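Under my numbering, the residues of the sequence shown are numbered 216 to 285, in order.
Glycine included, each C-beta is placed from N, C-alpha and C at the ideal position.
Since this is a predicted model, take the numbers as computed values, not measurements.
Below: the structure, in structure tokens.
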Amino acid sequence: MTRLYDPDLTQWLQHSGEYIGRLRPADERAEWILFLVDEVKAFLAPEDYARLLEELQTGIAARQAASNEA
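What follows is the structure, encoded as structure tokens:
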């Protein structure tokens, strides 16, 4: 995966990640991430949203595999 950087977006997402990871209950974390996915959906064509979901599934599977190897 490439290292993405945007001076505004990077900071917003880092703060969101910290807030979700540290301050929200564990049983809410996935729902907050899915909330962001739903927010993005409103700005994408259906085929782009479907592609995004496929890319997310691939990325999550890769992270799970790497986590299992560690």
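Proximity below 8 Å, CB of residue i to CB of residue j
| i | j | result |
| --- | --- | --- |
| Arg239 | Trp227 | no |
N- and C-terminal bounds of the alpha helix (DSSP H) containing residue i
| i | result |
| --- | --- |
| Tyr234 | 224-238 |
| Ala281 | 261-284 |
| Asp242 | 241-256 |
Whole-number beta carbon distance between residue j and residue i, since they are thought to touch under 8 Å
| i | j | result |
| --- | --- | --- |
| Leu271 | Leu259 | Leu271 to Leu259, Cβ: 13 Å. No contact. |
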